Amino acid sequence: MDQVRDLRLFLAAARHGGFRGAARVTSVPASTVSEAVRRLEDQLGTRLMNRTTRSVALTVAGTELVNRIAPVLASLDSAMETVAGFGKGLKGTLRLNVPGAVTRTILPPIAADFLRAYPEVSLDITVDDGLVDILSMGADAGIRYGETLAQDAISVPIGPRRQRMAAAASTEYLAKHGTPRHPRDLLAHACLRTRFPGGALTEWAFENDGEELTVNPTGPLTISTQASEFAIDTAINGHGIVATFEDWLRPAMDDGRLIKVLEDWWPSFEGPFLYYSSRRHMPPPLRAFVDFIKARPRETTPLQVTKTRSPESS
């Protein structure tokens with residue numbers, strides 16, 4: 001522990017311009033900081049800092065040591081905070097930025113179980129279907145689909161590992177307009193569309209036996225992805241065909257309010273991921289949430305599929 005203390009004082013001196021600067025931020029006398037650095041130099045057999053009457057500067061060896069110990073000490077601090085949180089009863093706020101796609105069936109049961117396990121942690125959830133920098137938006141972590149994750153993000157699978165897009169319409173609509181047999185037939189039907197915040201319409205993509213195609217149908221309704229339940233209700237009321245997440249349509253299909261359309265062509269895609277920055281200190285509520293997600297049984301969908309497609313594209 002004495003060595004860790006010496007390393008912390010050395011790092012403070014390196015970051016704050018010398019022994020006096022380190023003394024100001026650590027509330028330790030400058031002479032104590034100087035002695036700590038000298039002990040490290042004696043132990044390592046090399047000079048870490050060049051001292052003059054006016055300044056203190058890192059040597060090459062000192063710079064190398066700073067680069068190596070800074071992330072180690074940050075990781076140590078994070079570990080200590082997390083464990084201390086468990087001992088005292090974890091508290092704090094976890095801020096998540098998530099797409100509307102996960103707020104109806106995927107995130108609610110996970111959030112409920114997490115809040116039950118950590119009653120003194122608050123969840124602050126922003127629903128955003130755009131591609132955003134979670135740090136600049138003030139979030140600790142985000143949830144997105146794989147094709148839209150930042151390159152330097154750490155990601156953890158959350159929710160079902162396979163999902164499908166489905167299409168359906170009411171019995172009334174199909175009796176009046178007929179049932180499409182091929183995705184191209186949708187061009188002659190009333191289709192209910194959703195639009196991303198960036199302005200792009202959601203894709204109506206299909207696949208069957210190695211064949212993939214995308215259609216761009218029209219219809220009486222286009223609405224924001226965050227209000228897609230409106231499109232489902234419009235389909236139930238007989239005004240057209242809706243295409244969206246299968247699990248969103250499942251209740252209405254199971255009770256007969258909607259009838260499956262083009263089921264052989266429904267495409268599948270990889271489920272969402274929780275992601276967070278690899279360059280930022282991990283707050284204890286986020287660490288607890290990540291561990292909680294990893295410990296949950298993996299949700300799977302019994303599909304015999306090989307293609308992967310992301311539903312997000314803005």
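With the UniProt record's numbering applied, the sequence shown covers 1 to 314. All residues carry an ideal CB built from backbone N, CA and C; glycine is no exception. Keep in mind the model is a prediction, meaning the values are calculated, not measured.
| Check | Outcome |
| --- | --- |
| Inter-residue spacing [alpha-carbon to alpha-carbon] between S268 and E229 | 21 Å |
| Run of the alpha helix (DSSP H) containing F196, from where it starts to where it stops | Careful: F196 lies outside any alpha helix (DSSP H) and carries neither H nor E. |
| Status (buried if at least 16 other CB within 10 Å, exposed otherwise) for S170 | buried |
| Cα-Cα separation, A271 to F114 | At residue 271 the sequence reads Gly, which differs from the Ala that was named. Those two C-alpha atoms are separated by around 20 Å. |
| Short Cβ contact (8 Å threshold) for V98 with V127 | yes |
| Whether L9 touches V33 by CB criterion (8 Å) | yes |
| Those runs of the beta strand (DSSP E) which lie wholly inside the segment 117-193 and span at least 3 residues | 121-127, 141-144, 153-157, 162-169 |
| Residue closest to H281, alpha-carbon to alpha-carbon, out of L76, S122, A166 | L76 |
| One or two residues paired with S27 in a DSSP bridge | None; S27 has no bridge partner. |
| Distance CB(L262)-CB(P157) smaller than 8 Å | no |
| Three CB pairs or more closer than 8 Å across the segment 183-190 and the segment 211-231 | yes |
| S228 - containing alpha helix (DSSP H), residue span | 228-236 |
| For T225, the nearest candidate out of E207, G240, W248, L213 (CA to CA) | W248 |
| Nearest to residue 315 (by Cα), restricted to the options V215, Y145, T194 | Since the first residue shown for the chain is 1 and the last is 314, residue 315 is missing from the structure and cannot be characterised. |
| Delimiting residues of the beta strand (DSSP E) encompassing A243 | 241-245 |
| Cβ contact check for the segment 102-114 and the segment 42-60: 3 or more pairs under 8 Å | no |
| Opening and closing residue of the alpha helix (DSSP H) in which A101 lies | It is not in any alpha helix (DSSP H) - A101 carries neither H nor E in the DSSP assignment. |
| Cβ pair P251, G92 closer than 8 Å | no |
| P283 versus D291 - alpha carbon distance | 13 Å |
| Through-space distance from E203 to A61, alpha-carbon basis | 56 Å |
| Closest residue to R95 among A117, E120, Y118, D124 (Cα-Cα distance) | D124 |
| Range of the contiguous beta strand (DSSP E) that encloses K260 | 259-261 |
| Helix, strand or coil at G18 [DSSP, three-state] | coil |
| Proximal residues to A231 (C-beta, below 8 Å), its chain only, five neighbours per side dropped | L192, R193, T194, L221, I223, V242, T244 |
| Distance between beta carbons of L90 and A288, contact taken as under 8 Å | 6 Å |
| Contact belief for A14 with V66 at Cβ below 8 Å, rounded distance in angstroms | 5 Å |
| Same chain, Cβ closer than 6 Å to Y173, neighbours up to 5 away in sequence not counted | G238 |
| Beta-ladder partner(s) of L96, from DSSP | I125, A141 |
| Own chain, CB closer than 8 Å to Q304, minus 5 neighbours either side, in chain order | Residue confidence for Q304 is low, a pLDDT of 33 falling below 50, so the modelled location carries little weight and cannot support an answer. |
| Check whether A235 and L213 have beta carbons under 8 Å apart | no |
| Assumed close pair residue 315, G100 - CB separation to whole angstroms, cut-off 8 Å | Nothing about residue 315 can be read from this structure; the chain reaches only from 1 to 314. |
| Beta carbon of A168 nearer than 8 Å to that of W266 | no |
| For L73, the nearest candidate out of R54, S31, L7 (CA to CA) | L7 |
| Assigned secondary structure, F216 (DSSP; H/G/I helix, E/B strand, else coil) | First, the residue type needs correcting, since residue 216 is Asn and not Phe in the sequence shown. Coil. |
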